[in-house]
Amino acid sequence: MNSSFPWLSLLLVLPLAGAVATFFVTESAARWVALATTLADLFVALPLWWLFDPEASQMQFTEHVAWITTPPISYSLGLDGISLPLVLMTAGIMPLCVLASWNAITTSIRGFMAVLLVMETAMVGVFVALDFILFYVFWEAMLIPMYLLIGVWGGPNRLYAAIKFFLYTLAGSVLLLVAILVLYFYGGHTFDILALSQGTYPASLQIWLFLAFFAAFAVKVPMFPFHTWLPDAHVEAPTAGSVILASILLKMGTYGFLRFSLPMLPDASRDFTPLMVILSIIAIIYGAYMALAQVDLKKLIAYSSVSHMGFVTLGLFVLNQQGIEGAVLQMVNHGITTGGLFLCVGIIYERTHSRLIADNVGLAAPMPQYATLLVIFALSSLGLPGTNSFVGEFLVLVGTFLWSKMATACASLGIILAATYILWMIQRVVFGVPSPHHLPALKDLNHRELATLVPLVLLVFLIGLFPNPFVSRMHQSVTNTIASMSRAKVAPTAPPSAEGTAPMLADSGEQLKTQGPWR
Amino acid sequence: MTYEFIPLLPLAAFLILGLFGHWIKDNAHLVAVPAVLVSWALSLLVFFDVADGHQTSFPLYTWLTSGTLDIHVGFSIDRLTAVMLLLITTVSSLVHIYTIGYMRGDPGYARFFSYIALFTFSMLMLVMADNLLQLFVFWEAVGLCSYLLIGHWYEKPAACAAATKAFIVNRVGDFGFILGLLLVWYSFGSLDYQEIFPRAHESAGDLINVLGPFGGTWDVSVLTLICILLFTGAIGKSAQVPLHVWLPDAMEGPTPISALIHAATMVTAGVFMVARLAPLYNLSPTAMTVVAITGAITMVVGATIALTQTDIKRVVAYSTVSQLGYMVMACGLGAYASGMYHLLTHGAFKALLFLGCGSVIIALHHEQDMRRMGGLKNKLPVTYWTFVVGSLALAGFPLTSGFFSKDDLLISAWSSGSLGQILTVLGLVTALMTAFYSFRLVFVTFWGPSHVDPHHADHIHEPSKAMTIPLIVLAVLSIATGYLGIPEFLGPMFETGVGGAAHEGGAAIGIMAVATAMGLLGIAGAYYAYVVNPALPDRFARQWQSLYRASLNKWYVDEAYDRTIVRPTFFAATELWKRVDVNVVDGAVNGVARAIAWAGWLLRLMQSGQVQHYALGMALGVVVLVTMYLFL
C-alpha cells in the first residue's frame, strides 16, 4: 500500500530542517524554533493514528526510493501496528523535552536544540526504516547526538558516562552490522527487512545471528547484566537526555528484538526463549532490588527502568499474542511513565539543585500540584490498575502464564517489589516536612512545567481506562509476526550451498519479496 | 436503568473536587454529600427492585482484547450486590456527613472529601463488577484510597509509614490474587462470573502442573489452587492472619475513614469476594478448610490482642480484625449467608464505634490513649449512649443486631460438620473476649474518675450535630439490621444448605444460650475488673506477665516481620548494589575497558620505531619458524 502523501518522510525531514534553522536564529529564539518544529512533527504524526488501518496486514504509509543500486540499498519506509505507537510516542515526547530544557539549558542553546532535533529524526527513522542499512544508519546516527547531550550538557562526571554509553552501545552495534551483512548473503542479496523476515536460515546460523543481534539489542534495552551504563548515563544526562534515553532509546532494543530477532530468526528465538525469560525475570527482580537501595532519585528511576524493561523482554519472548502486545504497550507505557518521572526529577533539581532523596523531602505541602503529578506517575510505575502500566504488565503476565506458571509467579514478585521501592520513595519525597533550608526555593509548578507533565498524565489514565483502541491497532501486526515465526524450518544440518558466498539463490529473495503476508 | 449513576455520582464528586478543590475548599461537602446521598437513594431503589426478584448483568464497554483474552467493564446486580450497595452507600453517606464536623478547618478538607468520594466510587464498582478483573482493578483502587487517606496527615511520620505499610502488605496479598486470576482465565477462558460459574463443575477434578517448562511435575487441583490464590488477596484486604498487621497501623488516618474503610466496607471486600465466588469455593473442600481455619485463627488472635491495647482506636481495630475472622470462618464453613449477615450488622455497629471514638478524640483534642480518659459519660451523653449501643451489639447482647448475626453465624458453623463444631467452640470463647474488651473500653473511657489532661478537662463538650446525628442513625441501625431478615434474603444465593433449617433444634438453642451467656459474662467480667475492683487488671498483668506482654505487643508479629523480611530485604538490596552491581557487574565492564587499554599499551610497545627492534623481531621469528620446521 503506497499512500500518496509522504507522511513518514515529512516526519523525518521536519526536525532536520528545524535543526538547520536553529543556527540562523538567536540563542533564545532557538527554543521557539525547536518547540515549533517538534510540535509540527507531532501534528504530522497524530493523523497517522486515525489514518492507520488496523485491519490491514501490510505495512502502511510506505515509501520506496532506490538509494544505492549495488548493493541494493533503498530508502524505504513504512509503518505497522508495532511501530505506529512508538513513532507517535517519539513525536509526543520531543516537545516535552524541549519544554523541559527551556531554562535548564543555559549554555549553547542553539546547539542543544539542534542536537535534540537531529535526535528526533534518527529515532523516528529507526522505527520506520524498512531497509536494514537505512535502519543501521539511523541506529548509529542516534548515538552521536546522545553522546553530545550527555558529554556536553551533562553533569560533573559526564565524560565517563558519555564514553561508557557510546562504547558500550557501539560494541553491540558492530556485531549488529556483521549480522546484517551475513543476512544479506544468506537472505538472497537484499537488505529489505520484510524480505529478510520471510527468508529461512539454517538453525546453526540463526543461533550466531541471534547472539549478534542480542549483543546490540540487549545492551540497548538494557537487559541484565548489560545494564550498568544506564544509571551512569541517566545521572549525568540533562533532564531531556534522561527522558529521551528512558522513553525512546531503550525501546530501540526491544523494538529490534521484535522487528528482527523474532521474525528473521524464529528457531533461534524459540531456542533462546528459556534463557531470555530467565534474564528478564532476573532483570525484573534484580532491578527492583537495586532501586530499593538508591539514594539518588535518577538512579532509582534508572534501576526501576531495568525492572520494567524486564517485563517488556519477558512479554516478547514468551512468543504469544498477549505477551507481545503487552510488551509493545509496555514500551509505550514505560515511555510515558518513566519519562514523566524523569521530568519530575528535573523540575525538582532546578529548584533544589540536588537529586538526592534526602535533600528533597516533604514536597506535598509546598508543592501540591507537583506532588500530585509525581504520585500519579509513581503509581503508574508500580502498575496500579487504572493506570497504563497495569494493562501492559497484565498482558505480559497473561502471556507468560501461557508459557509457564512458575515464571509468572517469579515475575509477579516484581509487582510487590515495585510497590516497595516506589512507595518508599514517595514516603520520603512527597510526605513529611520539607527542610527549611530548601523551602524558599520550593515553588509549585509554573505553566510551562504543567504543560510538560499534564499530557503524560492524561495518557496514563487514557491508556489505563480505555486500552482497547491502543491494543487493537497492534493485533494484525503481532498476528503477522507470530504467523511468520511458524514458517517452514530449515534442517539444522543444511549445508551452505556450493556457491559459497551466496548460499541462497538471488532470485529466491525476489520471490519472497512479493509473496510475504506483509506485502 | 439507574445502575450506572450509583457509582458515577461519587466519581463526579471526586473529579470536581480533585480538579477544582483548590477553589471549593471549605464548601467541599456541598459537592460530595449530595452525590453520595443520591447514590444511597438509588441503592435503596435497586435493593427493593432486586428483592422483587430482578437480577441483571450488562456490559458497559470493552476494556481490552488480545488473542483469546476479552475483558469488558460491566455490572452484575443481584441480591449479594444489593446488600453491599446499601451498606456502602449508607455508611458512606453517614461518614460524609460526620466528616463535615470532624475535619472542619483541616487544610486538606477538600482533598479528604475528594478521596472518600473516590473510595465510594471504587467500592461500589468493586461490588457491582461482573468479572474478576474489574473486581481486581477496584480492589486495588480501594487500596489506593485507603493509602491516600491513611496518609492524609502527611506531616506525621507514623501516618506515612502506616500508609506505605498498608499498601505493601496488601500487595503481598494481591500477588496471590493476580496469579489466581490468571489461573481462572487459563482454566475457564474467561473472567466473567457468568462464564466461570457454570463451567466450574466440569473442572472440579482437573489437575495442573505448576512447574511448567522448567521441568518437574507438581500436580495440584486447579480449583483448589485458584481458590487459595484468590483467598491470598482476601487475607491481605480483609486483614487476616498473617497479613493483618497493616490494619491496626491504619488507625493513624483520620477516624472517619477508619469507620468507612477500615471497618465497614473495604476490609469486608475479602469476605464479599469469597461469598461472590462461592460456586468455586464450594467445589474445593481443601480451600474451604484453609479459609475457615485462617478465619478462626484471625478471630482468636485479634480478640486476644484487643484485650490489652490502650489506644481506643486500636482496641476497635483489633476487634475488627477479630470480627472479620468470624465472617471469613463462616464463609469457609459454607455459611456464606451468615458471614454476609454478620458483615452487614458489623458494618453498622463498628462504624458507630469508630465514629464514637472519633467524637471522643475530638472532644479531648486528639487524645487517643484511654488511660488518659475516664468519666466522660456525663460530658458526652450522646456519644456515650450510642457507644454503649454499639458495644452491646459487638458483645452480642440479646436483641441487638450483633446478637442475631453472631448466633446465626455460630449456629450455622456448628451445623456444618465436625470442623465447624471445633471452630464454633473457638467462636464462643472469642465471644467472651469480645464482650470483655468492648466493655473494658466503655468502662475505662466513660466511667470512673477522669484522667483527662486538666488543660482540656473543663471544656469537653459534645461535638456538632453533623457528628452526633450520624451516631444516632448508626445506633438505630445497630439494632435494626438484626430484624431485616438478611439470611433469608441472601440464603437462596448460595447452593449449600448450611444454616437455615439447622436453626431449629436443640443444638441451635444451646449455642444461642451459651453465646448469650458468654456475652453477659464478658460484660460482667469487665464491670468487675474495671469498675468494682480496678486494681485487678494490674495484678493480673503482673502475674501473667509474659502473656500480658505478648498481647500488648501484638504477639510480636511486626517485630518478627521486621527482623526476617523488612530489614534483610533492605540490607540485601544495599549490599547487592554496592558489592555486586558496582563491583562485579560494572567492574567487569570497566575491566574489559581496562584490559583493552592494556592490550593497546602492549601492542604499542612493539611499534618502538627503532629498526634494531624490528630486526630482532624478524630474527626471532626466523628462529621459531626454523625450529618448528625441524622438530614438528
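Heads up: the protein sequence lines correspond to chains B and E, in order. Here this note's numbering is used: the first residue of the first sequence is 2, the next is one more, and so on. Here this note's numbering is used: the first residue of the second sequence is 102, the next is one more, and so on. For glycine and all other residues, C-beta sits at the position ideal for the given N, C-alpha and C.
request  = Closer than 8 Å by beta-carbon distance: list the chain B residues that pair up with E/Trp-347, in chain order.
outcome  = Chain B residues near E/Trp-347: none, gap ~12 Å exceeds 8 Å.
request  = Kindly indicate which residue of B/Met-486, B/Ser-487 and B/Thr-482 has the alpha-carbon position closest to the one of B/Gln-59.
outcome  = Here the closest residue by C-alpha is B/Thr-482.
ask   = Does any residue of chain E bring its CB to less than 8 Å from the CB of B/Gly-254?
value = Cβ-Cβ to chain E under 8 Å: no for B/Gly-254.
Cα-Cα separation between B/Thr-373 and B/Ile-427, rounded to whole angstroms = As the crow flies, the alpha-carbon of B/Thr-373 is around 11 Å from that of B/Ile-427.
ask   = Is the Cβ-Cβ distance between B/Ala-163 and B/Tyr-148 less than 8 Å?
value = At the C-beta level, B/Ala-163 and B/Tyr-148 come within 8 Å of one another.
ask   = Taking only beta-carbon atoms, is B/Val-26 less than 8 Å away from chain E?
value = Judged by the 8 Å Cβ criterion, B/Val-26 is not in contact with chain E.
task = Go ahead and label E/Phe-641 buried or exposed: buried means 16 or more other beta carbons lie within 10 angstroms of its beta carbon, across all protein chains shown.
result = Exposed, since its Cβ has fewer than 16 Cβ neighbours within 10 Å.
query = Would you report the Cα separation of E/Ala-264 and E/Leu-249, rounded to the nearest angstrom?
reply = Near 7 Å, if we compare the C-alpha coordinates of E/Leu-249 and E/Ala-264.
query = Hey, which unbroken runs of the alpha helix (DSSP H) at 4 residues or more fall wholly within the stretch 319-351 of chain E?
reply = Under the rule that a run must span 4 or more residues, the alpha helix (DSSP H) segments found entirely inside the stretch 319-351 of chain E read 323-338 and 347-350.
message = By alpha-carbon positions, which one of E/Val-553, E/Ala-625, E/Gly-586 and E/Leu-444 ends up nearest to E/Met-534?
response = Of E/Val-553, E/Ala-625, E/Gly-586 and E/Leu-444, the residue nearest in Cα terms is E/Ala-625.
key: Closest residue to B/Leu-424 among B/Ser-405, B/Ile-358, B/Phe-6 and B/Pro-72 (Cα-Cα distance)   = Of the candidates B/Ser-405, B/Ile-358, B/Phe-6 and B/Pro-72, the one whose C-alpha sits nearest the C-alpha of B/Leu-424 is B/Ile-358.
key: Buried versus exposed call for E/Trp-319 [16 or more other C-beta atoms within 10 Å across all chains shown]   = E/Trp-319 sits exposed, since fewer than 16 C-beta atoms from the chains shown fall within 10 Å of its C-beta.
ask   = Does DSSP put E/Ser-551 in a helix, a strand or coil?
value = Look at E/Ser-551 here: in three-state DSSP terms it is coil, with no helix or strand label.
Distance, B/Gln-199 Cα to B/Leu-11 Cα = Near 29 Å, if we compare the C-alpha coordinates of B/Gln-199 and B/Leu-11.
inquiry  = Can you confirm whether B/Val-319, when its beta carbon is compared against all beta carbons of chain E, has any partner nearer than 8 Å?
reply    = Taking Cβ atoms only, chain E never reaches closer than 8 Å to B/Val-319, which makes this a no.
message = What residue range does the alpha helix (DSSP H) around B/Ser-306 cover?
response = Run containing B/Ser-306: 298-318, per the alpha helix (DSSP H) assignment.
key: Cβ of B/Phe-462 within 8 Å of any chain E Cβ   = Contacts with chain E at 8 Å (Cβ-Cβ) do not include B/Phe-462.
Separation of B/Gln-322 from B/Thr-480, as counted between CA atoms = A direct Cα-Cα distance of roughly 7 Å separates B/Thr-480 from B/Gln-322.
request  = Classify E/His-447 as helix, strand or coil using the three-state DSSP reduction.
outcome  = DSSP places E/His-447 in helix when its eight states are reduced to three.
key: Same chain, Cβ closer than 6 Å to E/Thr-325, neighbours up to 5 away in sequence not counted   = Excluding positions up to five away in sequence, the list reads Ser-385, Thr-387 and Ala-388.
ask   = When the distance is taken between beta carbons, is B/Thr-401 closer than 8 Å to B/Val-307?
value = Contact flag unset, no.
message = Tell me whether the stretch 261-276 of chain B and the stretch 103-115 of chain B touch, counting them as touching only if at least three CB pairs, one residue from each stretch, are closer than 8 Å.
response = Proximity of the stretch 261-276 of chain B to the stretch 103-115 of chain B falls short of the contact definition, fewer than three beta-carbon pairs being nearer than 8 Å.
request  = In the DSSP assignment, find the unbroken beta strand (DSSP E) run with E/Gly-620 in it and report its ends.
outcome  = Note, E/Gly-620: premise wrong, no beta strand (DSSP E); alpha helix (DSSP H) at 607-628.
message = Between the stretch 401-417 of chain E and the stretch 346-356 of chain E, can you find at least three pairs of beta-carbon atoms closer than 8 Å?
response = Yes: the two stretches touch, three or more of their Cβ pairs being nearer than 8 Å.
request  = Using a cut-off of 7 Å between C-beta atoms, extract the partners of E/Trp-678 located in chain B.
outcome  = Within 7 Å Cβ-Cβ: Met-291 and Ala-294.
query = Would you call the stretch 397-417 of chain B and the stretch 59-68 of chain B in contact, with 3 or more CB pairs under 8 Å?
reply = Three or more beta-carbon pairs separated by less than 8 Å are not found between the stretch 397-417 of chain B and the stretch 59-68 of chain B, which leaves the two stretches without contact.
task = Rank E/Ile-198, E/Val-151 and E/Ala-183 by C-alpha distance to the C-alpha of E/Asn-128 and give the top, closest one.
result = For E/Asn-128, the closest C-alpha among the options E/Ile-198, E/Val-151 and E/Ala-183 is that of E/Ile-198.
request  = Would you mind listing the alpha helix (DSSP H) stretches within the stretch 405-436 of chain B that are 4+ residues and don't spill past its ends, in chain order?
outcome  = Inside the stretch 405-436 of chain B, DSSP marks whole alpha helix (DSSP H) runs of 4 or more residues at positions 406-430, from first to last along the chain.
request  = Scan the stretch 224-235 of chain B for residues whose Cβ lies nearer than 9 Å to a Cβ of chain E and list them as they occur along the chain.
outcome  = Answer in chain order: Phe-225, Pro-226, Phe-227, His-228, Thr-229, Trp-230, Pro-232 and Asp-233.
ask   = Within 10 angstroms of its Cβ, does B/Pro-496 collect 16 or more other Cβ (buried), or is it exposed?
value = Any reading at B/Pro-496 must be qualified, since the residue scores a pLDDT of 41, below 50, and its modelled position is unreliable; the value itself is stated next. By the 10 Å Cβ count, B/Pro-496 comes out exposed.
request  = Count the other CB atoms, across all protein chains shown, that sit within 10 Å of the CB of B/Ala-492; report buried if there are 16 or more and exposed otherwise.
outcome  = Any reading at B/Ala-492 is ruled out, since the residue's pLDDT is 47, under 50, leaving its predicted position unreliable.
query = For E/Leu-445, which option in E/Leu-120, E/Ser-177 and E/Leu-585 has the closest C-alpha, if you only look at C-alpha atoms?
reply = Looking at the Cα atoms, E/Leu-585 is the closest of the given residues.
request  = Report all residues from its chain with a CB closer than 7 Å to the CB of B/Ser-243; omit the five preceding and five following residues, and keep chain order.
outcome  = Correct list, in chain order: His-235, Lys-299 and Phe-343.
request  = For B/Lys-514, decide whether its Cβ has a neighbour in chain E, counting only Cβ atoms nearer than 8 Å.
outcome  = Any reading at B/Lys-514 must be qualified, since the residue scores a pLDDT of 39, below 50, and its modelled position is unreliable; the value itself is stated next. Not closer than 8 Å to any Cβ of chain E, the Cβ of B/Lys-514 fails to qualify, so no.
message = With the cut-off set at 8 Å, would you say E/Leu-529 and E/Met-619 are in Cβ contact?
response = Taking 8 Å as the Cβ cut-off, E/Leu-529 and E/Met-619 qualify as a contacting pair.
query = If you measure beta-carbon to beta-carbon, which residues of the stretch 406-428 of chain B are closer than 9 Å to chain E?
reply = Here the close residues are Lys-406, Met-407, Ala-408, Thr-409, Ala-410, Ser-413, Leu-414, Ile-416, Ile-417, Leu-418, Ala-419, Ala-420, Thr-421, Tyr-422, Leu-424, Trp-425, Ile-427 and Gln-428.
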